[in-house]
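Step one of this worksheet: look at the structure below.
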Amino acid sequence: MSQSIAERVRALREQINYHNYRYYVLDSPEIPDAEYDRLYRELEALEAEHPELVTPDSPTRRVGGKPLEGFAPVAHRVPMLSIRTETDIEATGALNFNARIRRELKLKDDDPPIEYACELKFDGLAINLRYEHGVLVQAATRGDGETGEDVTQNVRTIRCIPLRLNAAKPPAVLEVRGEVFIPRPDFERYNAKQRESGGTPLVNPRNGAAGSIRQLDPAIAAQRPLSFYAYGVGETAGWKLPPTHSRILDALLELGLPVSSERAVVQGPQGLVQFHDDIGRRRDSLPFDIDGVVYKVNSLDLQTRLGFVSREPRWAVAHKFPPEEELTVVQAIEVQVGRTGALTPVARLKPVFVGGVTVSNATLHNQDEIDRLDVREGDSVIVRRAGDVIPEVVAVVKDRRPQPAPVRFEILQRYPACPVCGSHVVRQPGEAAIRCSGGLYCPAQRKQALLHFASRRAMDIEGLGERLVDQLVDLGLVRTPADLYRLGMAKVANLERMAEKSAAKLLAAIEKSKHTTLARFIFALGIRNVGETTAKDLARHFGSLDALLAADEEALMQVPDVGPVVAQSIALFFSEPHNREVVEQLRAAGVKWAEAAPQRRQLGALAGKTFVLTGTLPNMTRDEAKDRIEAAGGKVAGSVSKKTDYVVAGADAGSKLIKAQELGVTILDEDALCRLLEPEAQGRLDF
DNA sequence: TGGCCTCGAGTTCA
DNA sequence: CTCGAGGCCA
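Take any residue in the first sequence, note its place counting from 1, add 7, and you have its number in the working numbering.
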């Protein structure tokens, strides 16, 4: 009887270990989570009833023991070496490594290429796992390479690390080396949960991993979403060492240890460069942070021949990418005044090299963001530039805050008046933004309004950029968009860096912009809450400017997607005599468009279909694709949802493509899009 | 009323 | 790209 319970317990452990392996190591679960939970609970129950059957390697025993007083030192039997870093950050750094190896091995130019194992350099914490007869007996940090700290209790809580190896006859001793880290998505999720519950979020995945492993209380470490990838071995006994590094990793994987699938065996230097570039391109979309890649001579024989230089193996090198996160100092917090008068705080940073560029500014968005980060002038901050291009302040390193601490930064206190025009500033109840009340009296807002008017999606006046607008406004040559059409050669030629030729070019661009569309014109006016899409809706609905001007709030609400707020913004804009005047002046200056009958319904083959564009198409710009889809009656949205009908994907498509695949949205390439568009061009002849 | 789904607006650097 | 917030539908 008790025999059969012991058997059941053993069977359950085997099953649970197997499903752990499928889930955490192979990332392809075989059974639903609920089924796994059921097995786990059954084992827990049996162990509770029969404590004599509990073994330390049981999957239920991950979090055991009490908080420690401190960590015991562990002498590594085989030292944990560091890897030398290739100094040349360019892809050519790989060539230097290959050249060094060949020289060292005294190879001639016509000898065959060397085989390398390429893998990722994870941004985490190096750990040594010691398995004796298949059971995890000890986990230690690297420390100084000779002696680390015993962190077994914490490491046992990491779900993807097997407590028992998957082998009938496990080696007497197997030390596995690898990196503990926190995957990005898990990190974000953990932090979101912490913020919700008022807990302290982790500063970044790296510190989070290191900090978790050094928790004295394993119960805390167990809460952290730690993960692990093996990349090598230390001491082994009773194990037939495979002949190459890549085969060692294969063997570890078979024993149930997680090994990243982002690895490759390549021949010669071109292979290294290719791996480096491939990973570099995909770096942002990997679900974890890496510093770079690692190249290792694959053959263990060659590794032995190459040996070591002062504790660094000669047969391996780390080839880093530009850092994605860096520490820098907020030298000052200033504000910028935008088109709508919003005062946007900007951190002026001590320039740092992050993600391949030097960053010296980062937006702080608004007061709420400043409060959330509690960033103050003089603070040390972590700056990140990933996924997107725009740098952001991730967190303040409070330990490094200067003493005495600088005061909390309050926009309203620091800037009771607009720094540009001196008008008072206000924060509307319920709004995050603090705004300058100066309106178009404020030169900053006027400049932004002009830039918006001239922008590509509005009137498309080429060459009218920030520099020029600054001068035109500062010299008093232009106050309203209408003034642009009254500029002559005499005025323009006075500007800095404006010789005859560029002046003529600017005037020509202004002239050209007179031919436009009603939608562009409405968008160009810069009415609050009226962007490109709403402008198009308005143009389509009313057909003519006069019809729009005549519409009251009620009439405006008839337009699709226009509700009370947007209707009020529009009505308010046109109730301002000054604005009506500018509109009339623009028409008088010759700005014109083809007016159409009001259209209440979209026609065309693609009517009612929603598209999302992502990536770079081979023969069309995004704008062209958008125009053509819209011409056929389709809509182009910015993000993928279940309402999306098609996703048009080009080269280097990013997260939107992944989302589309998840939601099962039809994915088109350029050709398929053209096929959808073309019958439309023919079909339209029938109307 | 709540929960999507969009749109608008602001943003960095070379 | 990512917020915040407006609009719409259940």
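Note that the Cβ used here is the ideal one computed from N, Cα and C, for glycine as well.
{"Check": "Assign D559 to buried or exposed, taking buried as 16 or more other Cβ atoms, counted over all protein chains shown, within 10 Å of its Cβ.", "Outcome": "exposed"}
{"Check": "Could you have a look at S35 and say whether DSSP puts it in helix, strand or coil?", "Outcome": "coil"}
{"Check": "Starting from the C-beta of E399, find all residues in its chain whose C-beta is less than 8 Å away, skip the five residues before and the five after it, and write them out in chain order.", "Outcome": "A369, T370, V390, R391, R392"}
{"Check": "In chain order, what residues of the same chain have a beta carbon less than 6 Å from the beta carbon of C681, not counting five sequence neighbours either side?", "Outcome": "none"}
{"Check": "Starting from the C-beta of R587, find all residues in its chain whose C-beta is less than 8 Å away, skip the five residues before and the five after it, and write them out in chain order.", "Outcome": "L556, F581"}
{"Check": "Which of the three DSSP states is assigned to D490 in this structure?", "Outcome": "helix"}
{"Check": "Can you give the Cα-Cα distance for E252 and F315, rounded to whole angstroms?", "Outcome": "It should be noted that the sequence gives His, not Glu, for residue 252. Near 17 Å, if we compare the C-alpha coordinates of F315 and H252."}
{"Check": "Which complete beta strand (DSSP E) runs does the stretch 396-452 hold, if anything under 3 residues is left out?", "Outcome": "399-403"}
{"Check": "In the DSSP output, which residue or residues are listed as bridge partners for P276?", "Outcome": "Answer by DSSP bridge pairing: none, since P276 is not bridged."}
{"Check": "Would you give the residue range spanned by the alpha helix (DSSP H) that Y28 belongs to?", "Outcome": "Element bounds for Y28: n/a, residue is neither H nor E."}
{"Check": "For the beta strand (DSSP E) containing H326, name the first residue and the last one.", "Outcome": "323-327"}
{"Check": "Under the assumption that D157 contacts V81 (Cβ atoms under 8 Å), give the Cβ distance between them as a whole number of angstroms.", "Outcome": "5 Å"}
{"Check": "Helix or strand or just coil, what does DSSP make of D44?", "Outcome": "helix"}
{"Check": "What are the uninterrupted segments assigned as alpha helix (DSSP H) that are 4 or more residues long and contained completely in the stretch 137-207, given in chain order?", "Outcome": "159-162, 191-203"}
{"Check": "For a test of the three-state rule: what should DSSP assign to D375, helix, strand or coil?", "Outcome": "helix"}
{"Check": "According to DSSP, is E588 part of a helix, a strand, or is it coil?", "Outcome": "helix"}
{"Check": "From the DSSP output, in three-state form, read off V647 for me.", "Outcome": "coil"}
{"Check": "Is the distance from the Cβ of A656 to the Cβ of I674 below 8 Å?", "Outcome": "yes"}
{"Check": "Please report how far the alpha carbon of R493 lies from the alpha carbon of H585, in whole angstroms.", "Outcome": "18 Å"}
{"Check": "Do A229 and R68 have their beta-carbon atoms positioned less than 8 Å apart in this structure?", "Outcome": "no"}
{"Check": "Pop quiz: T347 and R535 are said to be a contact at Cβ under 8 Å. What is the actual Cβ separation, rounded to whole angstroms?", "Outcome": "6 Å"}
{"Check": "So, does the stretch 116-132 touch the stretch 24-41, judging by three or more C-beta pairs under 8 Å?", "Outcome": "no"}
{"Check": "Look at Y238 and R289 and say whether their C-beta atoms are less than 8 Å apart.", "Outcome": "no"}
{"Check": "For A217, which residues of its own chain have a beta-carbon under 8 Å away from its beta-carbon, when the five flanking residues on both sides are left out?", "Outcome": "G131, L132"}
{"Check": "From the DSSP output, in three-state form, read off L514 for me.", "Outcome": "helix"}
{"Check": "Terminal residues of the continuous alpha helix (DSSP H) containing Q575?", "Outcome": "571-582"}
{"Check": "Apply the 10 Å Cβ neighbour rule to L692 and answer buried if 16 or more other Cβ atoms are within range, or exposed otherwise.", "Outcome": "Legend: pLDDT at L692 = 35, less than 50; position of this residue unreliable, no value from coordinates given."}
{"Check": "Just verifying my parser: in three-state terms, what is the DSSP assignment at N214?", "Outcome": "helix"}
{"Check": "Per DSSP, what are the beta-bridge partners of L545 in this structure?", "Outcome": "Paired residues: none, contrary to the question."}
{"Check": "What number of angstroms, rounded off, separates the C-alpha of K303 from the C-alpha of P329?", "Outcome": "21 Å"}
{"Check": "List the endpoints of the continuous alpha helix (DSSP H) containing K357.", "Outcome": "It is not in any alpha helix (DSSP H) - K357 instead sits in the beta strand (DSSP E) that spans 350-361."}
{"Check": "Pick out whichever of A531, G570, A546, V572 has its Cα sitting closest to the Cα of V590.", "Outcome": "A531"}
{"Check": "Just to confirm, is the Cβ distance from E93 to N105 under 8 Å?", "Outcome": "no"}
{"Check": "If you count every other CB in all the chains shown that lies within 10 Å of the CB of H431, and 16 or more means buried, which is it?", "Outcome": "exposed"}
{"Check": "Is there contact here, the stretch 109-127 with the stretch 295-310, by at least three beta-carbon pairs under 8 Å?", "Outcome": "yes"}
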